[in-house]
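Count along the sequence shown starting at 1, add 1456, and that's the number in this note's numbering. Glycine is no exception: its CB is placed at the ideal position from the N, C-alpha and C atoms. Let me begin by presenting the structure, written as structure tokens, before commenting on it.
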Amino acid sequence: MDPRLRYRESKVLSWTRIDMLLLIYEAAIEALDRGVAVLESGDQSQLSNVRFDAQRKILLIADGLAIDKDETAVRIMNICVFILDQLQTDSAENWRSCVKLLETLHEGFEAIAEDARKLEREGKIPTLS
1457 MDPRLRYRES KVLSWTRIDM LLLIYEAAIE ALDRGVAVLE SGDQSQLSNV RFDAQRKILL
1517 IADGLAIDKD ETAVRIMNIC VFILDQLQTD SAENWRSCVK LLETLHEGFE AIAEDARKLE
1577 REGKIPTLS
């Protein structure tokens, strides 16, 4: 087997749920930051694409929530719905507020990341399939 493929395969095997979640939040924050920059620049020609990208990332977060099993997931879903509503505006301030919300959630998940990885390694949290 090609050593590069073996390396790539080992990286995939070490990928955890929390790592994926953090990456999704980072991508959403970056998309919203781009939106803030576009709104502040006044270049409306890019706004539709940037808005669509940001909405997709927020929907990706929402899609992974088990709202039927967890009250925290319901709260995060409500935040996602709020963010999607704010993304309909052309207000850089509204978008900035959404960035702050996502950064706060990201920091919370980052704070528990090592524990989550350990629980996943121990089989107490299901691994990614």
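Asked                                                                                                                                                                      : Found
What residue range does the alpha helix (DSSP H) around I1480 cover?                                                                                                       : 1473 to 1497
Mind the definition here: the region 1471 to 1490 touches the region 1556 to 1564 only if three or more C-beta pairs lie below 8 angstroms; say whether that holds.        : yes
Tell me, to the nearest whole angstrom, how far the beta carbon of V1492 is from that of A1567; I am working on the premise that it is less than 8 angstroms.              : Not really, about 25 angstroms apart at Cβ, beyond 8 angstroms.
Going by beta carbon distance, what residues of the same chain come within less than 6 angstroms of A1510, once the five residues before and after it are set aside?       : A1487, L1488, G1491, L1543
Taking the alpha helix (DSSP H) that D1524 falls in, what are its first and last residues?                                                                                 : Careful: D1524 lies outside any alpha helix (DSSP H) and carries neither H nor E.
Determine the DSSP secondary structure at D1541, reduced to helix, strand or coil.                                                                                         : helix
I1514 and L1495 - do their beta-carbons sit closer together than 9 angstroms?                                                                                              : no
When you compare each of S1501, I1532, S1470, L1575 to Q1518 by their alpha carbons, which one comes out closest?                                                          : A small correction: the amino acid at residue 1518 is Ala; Gln does not occupy that position in the sequence shown. Nearest of S1501, I1532, S1470, L1575 to A1518, Cα basis: I1532.
In the DSSP assignment, the alpha helix (DSSP H) including S1553 goes from what residue to what residue?                                                                   : 1548 to 1567
For A1569, which residues from the same chain have a beta carbon less than 8 angstroms from its beta carbon, with the 5 sequence-adjacent residues on both sides left out? : I1474, D1475, L1478
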